[in-house]
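If you're matching positions, the sequence shown starts at 1 in this note's numbering and goes up one per residue.
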Amino acid sequence: MNLPDAMKVFVRVAELSSFTLAAEQLGWPRASVSAAVRQLEAELGVRLLHRTTRRVQMTQDGQVVFERAQDLLADLDDLRGLFRANPAQLRGRLRVDMPQAIARDVVLPALPAFLAEHPALDIELSCVDRRVDLVAEGFDCVLRVGKLTDSSLIARPLGEYRMANCASPGYLAAHGTPRSLDDLAHHRLVHYVPSLGARSTGFEHGDVQGTLHTVAMPGALTVNSTIAYEGAALAGLGIIQVPEVGVREHLAAGRLVEVLAAWCTPAMPVSLVYAHRRHLPLRAQVFMNWLAALMAQRLN
């Protein structure tokens, strides 16, 4: 049996946690399924599965091989698809990461139509405020807002987010509307940090050269979630600094008010980032093009 076929058998056994069910789905004798997994284990020199009378469970090495095998098999399908009548048919797993607000407001509403075009595609969507390790965590691509620091990755610029300083009408009624940076001494900032315990830089603003400056400000609340950050402003807990597109509906409805428009943080770049690979899977290329088109409607 060739290696790709052995990997397919192993993946099916791992997904179903059963040699018997895998054999039934594949239409193979159970002994042939067991032999295929043993062949793969011998080829790789590792034990892939813990076998008991009641269940089958992947080893730690098996989990690594399982995820890599899924990607390799999907890549093989991509290659074969180049010569099919319908090469646009995507298969396999696609793992992506993006900010929560973008997923909620932009991607998820449009995703049903994308998946209807590619029903054999399996998407794993991560939405965490921390910056994921694209390579170590096996992501095909990530959507990042802000300055990029890892030069080993490839970035596809999509545009920029204009920033806005916002507060609720209730907060402004209680504390007044700031008209200059000097007025910030009498105001509160909702502090945002990537992880609790980190120090907030304070109120950020740019000058005409685009240089970033900070003003230290008091604040009763520090958060590490973009959703909580927005909610704190709506609750009247202080001023926040966010991409304008993310609070556009709140501004239009009067739930938030923009302040100090002349002292905004410089626009934040938005990029699609992926690892340097000689062959970017077709599923990733198609998804990234689709996502770029979606984001073009929201970016400056």
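Quick reminder that beta carbons are idealized off the backbone N, C-alpha and C, glycines included.
Quick caveat, the model's predicted, so the values are computed rather than measured.
Query raised in the report: Between E230 and the rest of its own chain, which residues show a CB-CB distance below 6 angstroms, the 5 nearest in sequence each way excluded?
Result: Within the sequence shown, numbered from 1, the residue matching residue 230 stands at position 230. Excluding residues within five positions, none has a Cβ falling inside 6 angstroms.
Report task. Identify the continuous beta strand (DSSP E) that holds R93 and give its terminal residues. Result -> Residue numbering aside, residue 93 sits at position 93 when the sequence shown is read from its first letter. Its beta strand (DSSP E) spans residues 92–97.
Query raised in the report: In chain order, what residues of the same chain have a beta carbon less than 8 angstroms from the beta carbon of G146, not counting five sequence neighbours either side?
Result: Within the sequence shown, numbered from 1, the residue matching residue 146 stands at position 146. The answer, listed in chain order, is M268, P269.
Requested in this report: Quick one: grab the DSSP three-state call for A164.
Outcome: Taking the first residue of the sequence shown as 1, we reach residue 164 at position 164. Strand, per DSSP.
Query raised in the report: Hey, quick one: how far does the beta strand (DSSP E) through T214 stretch, first residue to last?
Result: Here residue 214 is taken as the residue at index 214 of the sequence shown, counted from 1. Here the beta strand (DSSP E) through T214 covers 212–215.
Query - R179 classed as buried or exposed, judged by whether at least 16 other C-beta atoms fall within 10 angstroms - result: Indexing the sequence shown from 1 puts residue 179 at position 179. Within a 10 Å sphere around the beta-carbon of R179 sit fewer than 16 other beta-carbons, which makes this residue exposed.
Query raised in the report: Any idea if T211 is buried or exposed, counting beta-carbon neighbours within 10 angstroms, 16 or more meaning buried?
Result: If you number the sequence shown from 1, residue 211 lands on position 211. Exposed is the call here.
Requested in this report: Using the Cα positions of P109 and P281, report the straight-line distance between them to the nearest angstrom.
Outcome: The residue given as residue 109 occupies position 109 in the sequence shown. The residue given as residue 281 occupies position 281 in the sequence shown. C-alpha separation (whole angstroms): 24 angstroms.
Query raised in the report: Any chance the region 244–260 sits against the region 168–175, with 3 or more Cβ pairs inside 8 angstroms?
Result: yes
Requested in this report: Ignore the nearest five residues each way along the sequence and tell me which others in V286's own chain have a CB closer than 7 angstroms to its CB.
Outcome: For the purposes of this step, residue 286 is taken as residue 286 along the sequence shown, with counting starting at 1. Around V286: L90.
Query raised in the report: Along the chain, which unbroken stretches of the alpha helix (DSSP H) at least 4 residues long are found entirely within the region 153–205?
Result: 169–175
Query raised in the report: Nearest-angstrom Cα distance between I102 and G238?
Result: In the sequence shown, counting from the first residue as 1, residue 102 sits at position 102. In the sequence shown, counting from the first residue as 1, residue 238 sits at position 238. Their backbone Cα atoms lie some 23 angstroms apart in a straight line.
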